[in-house]
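Asker: When you line the sequence shown up against this note's numbering, it's residues 29 to 538, in that order.
Built from N, CA and C at the ideal position, the CB exists for glycine as well.
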Amino acid sequence: MSAISDLLSQLEGADPETAPLLVQQILQMEELGQLQGIDALRASRALAIFAGPQQLPIAGELAGRAHQAGVPGAGALFAECADKVSLMTGRPQRFGTVILEHQGDMVMAPLDGVADDEMRHAFGLPSLAEMRDNVERRNKERAQERYEDEGLPPGQRFCRIWTNPSAEELRSGLVRHPDGAWADGNDLTFVCQSGGFGAIPGPVFELPMWKVLESNGAPTDLWCVQVRIDRLDEAVFGYGFWQLDQNGMPIGGRGAVDHRYRGINAPDELPSHDDDNLDGSLRTHEFNSSALRENRRIKVYLPPGHSRDSNLPVVYSTDGNMIEPYIRRLDAAIANQAIPPVVVIAPHAAPMDHTGNERALEYLPGFDDQRFDRHQRFFVDEISQWGEEEFGVSDAREFRAIFGCSDGAGHALATGSMHRERYGHCIAFSAGMPPGEQIAWNAEGAPFVHLCAGTLEQGFHQATEAWAAWLHFHSSPHHFTERVCGHDLIQWIEELPKSIARAWGQSPTG
């Protein structure tokens, strides 16, 4: 027996503590690169199991060599190594061997669509449909177990369940609930009709819906997903049924969010004015920024009766290109005297698309210092001076607020900390970065921080909750609202008027 064969035999029976030492010895042997046939497969399997991910290319090469020699099982191992390497380098997998966990579900990692079933068969793999059916079968088993166990898995605010509903039950439910969602206690059922490859109820629950068959096994156009949600009676979230392509990806990216679920004990929906029926005005201005070295659009909301000498409170907001839903609620709140008249100045964000996230580079410290600094000068200096000169907004710290959501919340917290002499209030919803990561905060002289996050947005809730705990521990003035929502516009547009009322002395009605 050769030295490497002896090491492979030892490794195949090794315990977790011994295995890494044996792997290092194997990697240092020149004989490794010359292995063929069954020994190449044995070495590949050992490296794939016991070595780190950086050794996957070597494991894949060995498995490919064994596959070319006709060793059974080598092709499947090669495909698995190739898929893992692709995902590690930011590319979709080719064959579909890598299964991940997402929101408690087993999901096939994204595919590049290159491999067909003939290629999979050549490597000893089942068809893509068989692989997906296997994942779905295992997920259904787990979902049925969760339903029967009642409650939620430890540490989870929601999970997929499955009651195995019949097509007749779902059609009856759709008649009563044409928006495709209904509750039974904390259990929520989503249903849609589609002749495509599938759907998900995005954006909060991005879980693949399952096709429901007739009682005789005949196919239907019904797709269903069921979710158990902690405090579902308090929940508010938007959803839409996003159609999937044959690779399991949303067609055209994220789809429309044209439905809303509101639990029986959820906060009341705030009044809203239509875009073309505002009491105040919302206009877009073109601003030539010296700091950004470009023109940037800015949305400005002026309340009814505004004049340049009114010296009103002002909210400086991120993401002006998405400000309209907020303005509808603020305009109605002002009309109802739920909040005082305010001006909103909201520059558009930099692009965020498949080519990159320029928005985050401008909003968040620590990624592109020069870009962040230029945007700070634009946001803090240029538009403040412009707002005071053009619209007569207040220059008093206590009547100036900075607002943002998600990465915009990170921007609000960073800017509020760095320029605390400018802003009396920092409104930050669903922050993605906890305190201590890139954002330094000193409680002395800090603005009042208005925090909000949803229990269904996982990492954003954790980061925002960490901010609330940190501010409490350091006696920094703040208010934290926890809602049963996802990373979803609805909670942000409903909480902004409440934050403004808290900031400037009036409470929302109702």
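1) Would you call the region 140–152 and the region 167–186 touching, i.e. three or more CB-CB distances under 8 Å?
2) Leaving out five residues before and five after proline 536 in sequence, what residues of the same chain have Cβ atoms less than 8 Å from its Cβ?
3) Would you call the region 252–259 and the region 310–322 in contact, with 3 or more CB pairs under 8 Å?
4) Quick one: grab the DSSP three-state call for proline 353.
5) Going by DSSP, what residues sit across from alanine 429 in a beta bridge?
6) Quick check on the DSSP output: the beta strand (DSSP E) that includes asparagine 323 runs from which residue to which?
7) In chain order, what are the residue ranges of uninterrupted alpha helix (DSSP H) at least 4 long that sit wholly in the region 171–228?
8) Which first and last residues belong to the alpha helix (DSSP H) in which glutamate 386 is found?
9) From glutamine 56 to glutamate 164, what does the alpha carbon distance come to, in whole angstroms?
10) Could I get the ranges of all uninterrupted alpha helix (DSSP H) runs contained in the region 101–186, with 4 residues as the minimum, in chain order?
11) What do you get for serine 503, buried or exposed, if any count of 16 or more other CB atoms within 10 angstroms of its CB means buried?
12) Are three or more beta carbon pairs between the region 284–291 and the region 319–330 nearer than 8 Å?
13) Do proline 154 and methionine 116 have their beta-carbon atoms positioned less than 8 Å apart in this structure?
14) What separation, rounded to the nearest whole angstrom, lies between the Cα atoms of phenylalanine 265 and leucine 36?
15) Within its chain, find whatever has a CB closer than 6 Å to the CB of threonine 346; leave out the 5 residues flanking it on each side and keep chain order.
16) Would you grab the beta carbon distance between isoleucine 411 and isoleucine 373 for me? Rounded to a whole angstrom, and I think it's under 8 Å.
17) Rounded to a whole number of angstroms, what is the C-alpha to C-alpha distance between proline 375 and glycine 348?
18) So, helix, strand or coil for alanine 363, using DSSP?
19) Give me whichever residues DSSP pairs with methionine 380 in a beta bridge.
20) Rounded to a whole number of angstroms, what is the C-alpha to C-alpha distance between glutamate 416 and proline 393?
21) Measure the Cβ-Cβ separation of phenylalanine 407 and tyrosine 354 and say whether it is below 8 Å.
22) Nearest CA to the CA of aspartate 337: which residue from Gly420, Arg119, Phe106, Asn364?
23) Give me the DSSP bridge partner(s) of alanine 481.
24) If you draw a straight line from the alpha carbon of asparagine 162 to that of methionine 136, how long is it in whole angstroms?
25) Please go through the same chain and pick out, in chain order, the residues whose beta-carbon is closer than 6 Å to the beta-carbon of asparagine 293, but skip the five residues on each side of it.
26) Give me the DSSP bridge partner(s) of tryptophan 270.
27) Between glycine 201 and threonine 217, is the Cβ-Cβ spacing less than 8 Å?
28) With 8 Å set as the bound, which would you pick, yes or no: does the beta-carbon of histidine 489 sit closer than that to a beta-carbon of chain C?
29) In its own chain, which residues sit with a C-beta less than 8 Å from the C-beta of arginine 166, not counting the 5 before and 5 after it?
30) Bridge partners of leucine 250, per DSSP?
31) Count the other CB atoms within 10 Å of the CB of arginine 357; is the residue buried (16 or more) or exposed (fewer)?
32) Measure the alpha-carbon distance for aspartate 401 versus glutamate 197 and round it to whole angstroms.
33) Quick check on leucine 545: buried or exposed, where buried means 16 or more other Cβ atoms within 10 Å of its Cβ?
34) Rounded to whole angstroms, what's the CA-CA distance from glycine 103 to histidine 130? Just pull it up for me.
35) If you count every other CB in all the chains shown that lies within 10 Å of the CB of threonine 483, and 16 or more means buried, which is it?
Answerer: Let me spell this out:
1) no
2) In this predicted model, proline 536 has a pLDDT of only 41, less than 50, meaning its place in the structure is not dependable enough to derive any value.
3) Short answer: they don't touch.
4) helix
5) Val343, His453, per the DSSP bridge assignment.
6) 322–330
7) 195–204
8) DSSP places glutamate 386 in the uninterrupted alpha helix (DSSP H) bounded by 386–391.
9) 42 Å
10) 102–116, 145–150, 156–177
11) exposed
12) no
13) Not in contact: methionine 116 and proline 154 (Cβ atoms no closer than 8 Å).
14) 54 Å
15) Gly432, Gly436, His439
16) 6 Å
17) 5 Å
18) Alanine 363 falls in the helix class under three-state DSSP.
19) Asn385
20) 27 Å
21) no
22) Gly420
23) Glu510
24) 11 Å
25) Asp261, Glu262
26) Ile228
27) yes
28) Structure shown: chain C not included; a single protein chain is present.
29) Met134
30) Its beta-bridge partners are Gln221.
31) buried
32) 57 Å
33) Nothing about residue 545 can be reported from this structure: the residues present for the chain run from 29 to 538 only.
34) 27 Å
35) Under this definition threonine 483 is a buried residue.
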